[in-house]
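Asker:
Chains as they are written, first to last, in this note's numbering: chain A, 115 to 425; chain B, 9 to 538.
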């Protein structure tokens, strides 16, 4: 298991390096200058700005300096927001996005597994049709539309929740629902199809024959095998949802990380673009690594395969 | 079932929110986008300058009547040749009790003008003697035309007579900073001492910035607000809704733009306000790209546009049709250099222009009109393109690019027609004409992009620079603008106005024509503002 983990970690670091290098090259080929403003400025003024941020160094020098600073986890200052460092931007905004994301993840996983299970157990009957109809709707409606609709209905028309911003639990409810809808639908569909397949196996029939109730059969025997595809899906989903959704955060005025992904590119804020790429890639790759480890822990067949590989 | 209903009632009770009762004397603003710095030397964005005006003071400020009012300066004298300004500073203090001295001003300006200082607005100090030369690295900073005669006397020496110098001093670039402030200052955690009507109480990571009245401000009696709470919501519809629900006190310019579709309703309710700004929306023409090489073609394109229609219907009447390039509020000599739309004349001029170039409408390839994302640029471009095709048979290809790509294309002259705007740096008509003083190849022509200039036009501006007589100067600048409008390297579309909606109890807000907003004298009273 340890050698498996070490191999995976090495692969993670190599993948991170490739992503960061590719982003650096792409970023440098984008037209535009982070300091270009409508009023313009004389050449000597823009030269001083570029020099201050080392943008006039040759690309290889900028690249090497940047890789060294990443190794020290110093992501540099923002070019656009001069009062802020990239580290501080990420840490403060990620805290907000992550807390919203975790909430949405809990709702999506709980709701999705519940809907998927209900559909699988009563396959062909009204719980199945209803659950899948809800799932279809949730996956078809774009998140920005759902977010705007929820805001209009439950914050403006019927003022149950705050319209926007962040601060109390009440501020998190509508954004959580908007964020959770699509993943919940996907999890429901995955659970349903996986559980339907597992429920056909002989050992499930044996469990029923022994007199176990449907609830006990599903909870103890079926779900554990059926949730493997869901766990695979959860890896990238966790990374995406924790790093914030630009659209939902924009509509609800949430000071999260999502807005920075778009804003940094539009502003040509190179240090923020690079910092966010490193951060997001690290989270995504770690999430995939965790999924791999959880797989190995949950699935006895993998455990056996790993042990025999080690010996 | 009981547990479910109990849970739901708890949820409802905790989540119901009535609007928080407004503290009568604390203003609630939505900054729309975060200020990028609190350092006056580096400030550029309008929202940044608005926040800096809360925290800092300068020699002069614009008051709610739009006039320059002495602030840190108690009095001043001007030499007869207009080249020397001597200011006597009043007794004023930084927020930590240190006195504000003339040396603070000199040190600040020397830092900004230093060749390596990374401030976008450093060129605002070029009116000071040797400003440009020092910035180019040819002289040291102590040669700058500013010195402290003593700790309360500040003397400026200018490159040429500058009738708008007092107005220029209202720009935050001219505000002094405390000796503790540096480029490495951590403004969020430990901001350096400030000098303005408010002090920074907190600046959260979420972007919410809170300021409170500075009791040690020299003019604290004039400050009626207890403080200002700001938030960042980047959605103009949400912002407007919050103002209607009395959860915010301001929506619209200069922080954001009111949604166009809401304007008729706001007007009918009588809550929409419009204030003229010294700003213009125009289309830049690359005079090196045929058929825009012909002045007749350019004038024809301008003559074909019905600007009254454009302003009234395409932009919901929130802006003002132009009279030229210089807004009337800055015109020394009143003039109207843009004739009304004349389709017949436009067609004739267009044909003549094409004929001079040996081109014809049938063989003319469509040229590109680029504009950036956001705002109403697409609406306006679509309307203009349709009008050109209808009146002149002239086709343009519309291309939307994002802002930095637009700037990049302008810089490389890789464009034919480009949407742009000009916001005055200071309240004088020469700022609009200076854009075209030099061609792009010249160091002073950094914002021209049209590749048009005219020696006679430049000579008029140079003469105006050295003229102390106001009437004569106004006449010279009017002549220069006439030459500009004859050549038409830009097509003015409308003068931009401030459009906003605010709490009806808010009074005393000071606007400057350059787009900054000052809440020093603002108050939230029981009476409604007019």
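The C-beta atom is built at its ideal place from N, Cα and C for all residues, glycine as well.
Would you please state the rounded distance, in angstroms, between the beta carbons of residue 503 (chain B) and residue 313 (chain B)? I believe it to be under 8 Å.
Answerer: Mapped onto the second chain, residue 503 (chain B) falls at position 495. Mapped onto the second chain, residue 313 (chain B) falls at position 305. Wrong, their Cβ atoms sit about 15 Å apart, outside the cutoff.
Asker: Touch check for the stretch 105 to 119 of chain B and the stretch 125 to 145 of chain A: three-plus C-beta pairs under 8 Å?
Answerer: The answer is no - the stretch 125 to 145 of chain A does not touch the stretch 105 to 119 of chain B, with fewer than three Cβ pairs under 8 Å.
Asker: Spatial neighbours of residue 61 (chain B) within its chain, please: CB distance less than 6 Å, with the 5 preceding and 5 following residues excluded, ordered by chain position.
Answerer: Reading the second chain from its first residue, position 53 is the one you call residue 61 (chain B). Within the same chain, residue 61 (chain B) has close Cβ partners 526.
Asker: With 8 Å as the threshold, decide whether the Cβ of residue 291 (chain B) is near any Cβ in chain A.
Answerer: Counting from one through the second chain, the residue named residue 291 (chain B) turns up at place 283. Not an interface residue.
Asker: At a CB-CB cut-off below 7 Å, which residues of chain B make contact with residue 155 (chain A)?
Answerer: Here residue 155 (chain A) refers to the residue found at position 41 of the first chain. Ordered by position in chain B, the residues that pass the 7 Å Cβ test against residue 155 (chain A) are 128, 131 and 454.
Asker: What separation, rounded to the nearest whole angstrom, lies between the Cα atoms of residue 408 (chain A) and residue 257 (chain A)?
Answerer: By one-based count along the first chain, residue 408 (chain A) stands at place 294. By one-based count along the first chain, residue 257 (chain A) stands at place 143. Whole-angstrom Cα-Cα distance: 30 Å.
Asker: Please go through the stretch 409 to 485 of chain B and give each complete alpha helix (DSSP H) segment of 4 or more residues, from N-terminal end onward.
Answerer: List check, alpha helix (DSSP H) in window: 411 to 419, 438 to 441 and 463 to 473.
Asker: Tell me whether residue 273 (chain B) sits in a helix, a strand or coil according to DSSP, three-state version.
Answerer: Counting from 1 along the second chain, the entry for residue 273 (chain B) is found at position 265. Residue state, collapsed to three classes: helix.
Asker: Less than 8 Å between the CB atoms is what I'm expecting for residue 521 (chain B) and residue 337 (chain B), so what's the real figure, rounded?
Answerer: Counting from 1 along the second chain, the entry for residue 521 (chain B) is found at position 513. Counting from 1 along the second chain, the entry for residue 337 (chain B) is found at position 329. Confirmed, about 6 Å.
Asker: Kindly identify the DSSP beta-bridge partner or partners of residue 70 (chain B).
Answerer: Walking along the second chain from the start, residue 70 (chain B) turns up at place 62. Per DSSP, B:76.
Asker: How big is the Cα-Cα spacing for residue 211 (chain A) and residue 327 (chain A)?
Answerer: Position 97 of the first chain, counting from 1, holds the residue named residue 211 (chain A). Position 213 of the first chain, counting from 1, holds the residue named residue 327 (chain A). Using only the alpha carbons, I get a separation of about 41 Å.
Asker: Strictly below 8 Å CB to CB, what residues from chain A border residue 36 (chain B)?
Answerer: Along the second chain, one-based indexing puts residue 36 (chain B) at 28. Going along chain A, no residue has its Cβ under 8 Å from residue 36 (chain B), so there is no contact; the nearest lies around 12 Å.
Asker: With DSSP as the reference, please indicate the residues paired to residue 510 (chain B) in a beta bridge.
Answerer: Translated into the one-based positions of the second chain, residue 510 (chain B) becomes position 502. Residue 510 (chain B) is bridged to B:258.
Asker: Going along the chain, which unbroken runs of the beta strand (DSSP E) with 3 or more residues stay wholly within the stretch 187 to 238 of chain B?
Answerer: Runs of the beta strand (DSSP E) inside the stretch 187 to 238 of chain B: 206 to 211 and 217 to 221.
Asker: Have a look at residue 77 (chain B) and residue 280 (chain B) and give me their C-alpha separation to the nearest angstrom.
Answerer: Translated into the one-based positions of the second chain, residue 77 (chain B) becomes position 69. Translated into the one-based positions of the second chain, residue 280 (chain B) becomes position 272. Approximately 28 Å between the Cα atoms of the pair.
Asker: Should the stretch 401 to 418 of chain B be called in touch with the stretch 487 to 500 of chain B, which here means at least 3 C-beta pairs below 8 Å?
Answerer: Contact fails: fewer than three Cβ-Cβ distances are below 8 Å.
Asker: What does the alpha-carbon distance come out to for the pair residue 269 (chain B) and residue 238 (chain B)?
Answerer: Here the question's residue 269 (chain B) lines up with position 261 in the second chain. Here the question's residue 238 (chain B) lines up with position 230 in the second chain. Rounded to whole angstroms, residue 269 (chain B) to residue 238 (chain B) spans 26 Å at the Cα level.
Asker: Excluding the 5 residues preceding and the 5 following residue 202 (chain B) in the sequence, name in chain order all residues of the same chain whose CB lies nearer than 6 Å to its CB.
Answerer: Indexing the second chain from 1 puts residue 202 (chain B) at position 194. These residues qualify, in order along the chain: 63, 64 and 103.
Asker: Mind checking the stretch 196 to 225 of chain B against chain A and listing, in chain order, the residues whose C-beta falls within less than 7 Å of any C-beta there?
Answerer: Flagged, chain order: 196, 213, 214 and 215.
Asker: Just to check, is the beta-carbon of residue 93 (chain B) closer than 7 Å to a non-hydrogen atom of the ligand SAH?
Answerer: This structure lacks the ligand SAH; in fact it carries no ligand of any kind.
Asker: According to DSSP, residue 92 (chain B) sits in a beta bridge with which residue or residues?
Answerer: Taking the second chain and counting its residues from 1, one reaches residue 92 (chain B) at position 84. BP columns for residue 92 (chain B) point to B:165.
Asker: Going along the chain, which residues of the stretch 131 to 152 of chain B sit with their C-beta nearer than 9 Å to a C-beta in chain A?
Answerer: Flagged, chain order: 131, 134, 140, 143, 144 and 145.
Asker: Nearest CA to the CA of residue 392 (chain A): which residue from A:366, A:187 and A:358?
Answerer: Here residue 392 (chain A) is taken as the residue at index 278 of the first chain, counted from 1. Measuring from the Cα of residue 392 (chain A), the nearest candidate turns out to be A:187.
Asker: Measure the CB-CB distance between residue 359 (chain A) and residue 367 (chain A) and report whether it falls below 8 Å.
Answerer: Counting from one through the first chain, the residue named residue 359 (chain A) turns up at place 245. Counting from one through the first chain, the residue named residue 367 (chain A) turns up at place 253. Against a cut-off of 8 Å, the Cβ pair of residue 367 (chain A) and residue 359 (chain A) comes out as no contact.
Asker: Can you list, in chain order, the residues of its chain whose CB lies under 7 Å from that of residue 149 (chain B), leaving out five sequence neighbours each side?
Answerer: On the second chain, position 141 is the one that residue 149 (chain B) refers to. For residue 149 (chain B), where only same-chain residues beyond five positions count, the Cβ hits under 7 Å are 118, 121, 122 and 142.
Asker: Name the chain B residues that come within less than 8 Å of residue 270 (chain A), Cβ to Cβ?
Answerer: By 1-based counting over the first chain, the position of residue 270 (chain A) is 156. Going along chain B in sequence order, the residues near residue 270 (chain A) (Cβ under 8 Å) are 249.
Asker: Tell me whether residue 243 (chain B) is buried or exposed, calling it buried when 16 or more other Cβ atoms sit within 10 Å of its Cβ.
Answerer: Position 235 of the second chain, counting from 1, holds the residue named residue 243 (chain B). So residue 243 (chain B) ends up on the buried side.
Asker: Enumerate in chain order the residues of its own chain whose CB-to-CB distance from residue 327 (chain B) is below 8 Å, with the five nearest sequence positions on each side excluded.
Answerer: By one-based count along the second chain, residue 327 (chain B) stands at place 319. Cβ neighbours of residue 327 (chain B) beyond the five flanking positions: 289, 319, 502, 503, 504 and 505.
Asker: Please report the distance separating the alpha-carbon of residue 245 (chain A) from that of residue 364 (chain A).
Answerer: By one-based count along the first chain, residue 245 (chain A) stands at place 131. By one-based count along the first chain, residue 364 (chain A) stands at place 250. Rounded to the nearest angstrom, the two C-alpha atoms are 30 Å apart.
Asker: So, helix, strand or coil for residue 159 (chain A), using DSSP?
Answerer: The count along the first chain starts at 1 and reaches residue 159 (chain A) at position 45. Note: residue 159 (chain A) maps to helix in three-state DSSP.
Asker: Just to confirm my understanding: we take residue 360 (chain B), look at its own chain, exclude 5 residues before and 5 after, and list those with CB closer than 6 Å. What are they?
Answerer: Numbered from its first residue, the second chain carries residue 360 (chain B) at position 352. Once the five neighbours on either side are set aside, the close Cβ partners of residue 360 (chain B) are 304.
Asker: Please go through the same chain and pick out, in chain order, the residues whose beta-carbon is closer than 8 Å to the beta-carbon of residue 20 (chain B), but skip the five residues on each side of it.
Answerer: Locating residue 20 (chain B) in the second chain gives position 12, where the first residue counts as 1. Low per-residue confidence applies at residue 20 (chain B): pLDDT is 45, beneath 50, and the placement is therefore not dependable, though the value from the model is reported in the following sentence. There are no such residues.
Asker: Across the stretch 459 to 471 of chain B and the stretch 431 to 451 of chain B, are there enough close Cβ pairs to call them in contact, namely three or more that are closer than 8 Å?
Answerer: Yes, the stretch 459 to 471 of chain B touches the stretch 431 to 451 of chain B.
Asker: Looking only at its own chain, which residues have a Cβ that is under 6 Å from the Cβ of residue 217 (chain B), when we skip the five neighbours before and after it?
Answerer: Mapped onto the second chain, residue 217 (chain B) falls at position 209. So the list reads 211 and 238, once near-sequence residues are dropped.
Asker: Give the residues of chain B in contact with residue 146 (chain A), contact being defined as C-beta atoms less than 7 Å apart.
Answerer: Numbered from its first residue, the first chain carries residue 146 (chain A) at position 32. Those within 7 Å of residue 146 (chain A) in chain B are 412, 413, 415 and 416.
Asker: Just confirm the distance between the C-beta atoms of residue 294 (chain B) and residue 458 (chain B), as a whole number of angstroms; I'd bet it's less than 8 Å.
Answerer: By 1-based counting over the second chain, the position of residue 294 (chain B) is 286. By 1-based counting over the second chain, the position of residue 458 (chain B) is 450. Correct: roughly 6 Å between the Cβ atoms.
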